[in-house]
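When we follow this note's numbering, the leftmost residue of the sequence shown carries the number 908, and every step to the right adds one.
Cβ atoms here follow ideal geometry from the backbone N, Cα and C, with glycine treated the same way.
What follows is a short report on a single structure.
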Amino acid sequence: MKLRFQTLRLLAKHLWPPIRKSGFPTALAAFAAVVLVSMVLNAGPSKQTLLEVHLGITNTAPFQNIQTDYVRHSVSENTVTVHLRGSPGSIEELLRSQGFEERQRGKYDSEQPEHFSVGPALPHPTREARFFHRVPMRDRHELIMTDRDLTQLWFKSVRF
908 MKLRFQTLRL LAKHLWPPIR KSGFPTALAA FAAVVLVSMV LNAGPSKQTL LEVHLGITNT
968 APFQNIQTDY VRHSVSENTV TVHLRGSPGS IEELLRSQGF EERQRGKYDS EQPEHFSVGP
1028 ALPHPTREAR FFHRVPMRDR HELIMTDRDL TQLWFKSVRF
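What follows is the structure in structure tokens.
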């Protein structure tokens, strides 16, 4: 949060004088400032915050190529997507420590594959992928998809 305010302060310091000198009406300049503030404050949580809150990852050393995406749909609805690579041991430990359980394969074969906004192409759902879920939290649906070898992990959390 501190970094956002520092960014906002720097933007205001460098952008406000040219806007004022350009002759824009004060109302238009104020509107531009509100839009700028809104963009900075609604940027979403940092990658580290998403990893800590949703997957309990405080040490990213065992993982590589970490990608995150955060989309706010409304005040109370958002989607978090994470992709990472790691050793089978580190991914197994993550699944175990966070309470994810493997879904039974036959029960979910007819489901449409999930859409993940980050990471490489997904493995084929019926042959090359493993699905894990966490007991649903009150207002959240969480799913993990891995490749068969447990070297890649796709995570999705939808808050509704």
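Indicate the three-state DSSP secondary structure (helix, strand or coil) for residue i in the structure shown.
i, result
"L917", "helix"
"R979", "strand"
"S953", "coil"
"V1065", "strand"
"F1023", "coil"
"I998", "helix"
"K1014", "For K1014, the predicted structure reports a pLDDT of 48, less than 50, and the residue's modelled location is therefore unreliable. A value from the coordinates is still provided. The answer is helix: DSSP assigns K1014 an H, G or I state."
"H961", "helix"
"R1041", "strand"
Which same chain residues end up closer than 7 angstroms to residue i when comparing Cβ atoms and leaving out the 5 residues on each side of it in sequence?
i, result
"N966", "none"
"Y977", "G951, P952, L957, N985, V987"
"D1046", "R1066, F1067"
Between which two residues does the beta strand (DSSP E) containing residue i stretch?
i, result
"H990", "985-993"
"I1051", "1047-1054"
"E1009", "1007-1009"
Leaving out five residues before and five after residue i in sequence, what residues of the same chain have Cβ atoms less than 6 angstroms from its Cβ?
i, result
"R1041", "G1006, F1007, E1049"
"V1065", "T986, H1048"
"H990", "Q974, V1025, G1026, W1061"
"N972", "R992"
"P1030", "A1036, D1054"
"K954", "T975"
Pop quiz: residue i and residue j are said to be a contact at Cβ under 8 angstroms. What is the actual Cβ separation, rounded to whole angstroms?
i, j, result
"F1038", "M1052", "6 angstroms"
"A1036", "D1054", "7 angstroms"
"S997", "F1023", "In fact, because the Cβ distance is near 20 angstroms, the residues do not count as touching under 8 angstroms."
"L1057", "P995", "4 angstroms"
"R1010", "Q1059", "Rounded, the Cβ-Cβ distance is 17 angstroms, inconsistent with contact."
Could you tell me whether any non-hydrogen atom of the ligand FMN is closer than 7 angstroms to the CB of residue i?
i, result
"H961", "Although the ligand FMN was asked about, the structure shown includes no ligands whatsoever."
Residues in its own chain within less than 8 angstroms of residue i by CB, not counting five upstream and five downstream?
i, result
"G963", "L1001, S1004, Q1005"
"G1013", "Note that G1013 scores 46 on pLDDT, short of 50, meaning its location in the model is unreliable; the coordinates nonetheless yield the value given after this. Nothing listed; no residue qualifies."
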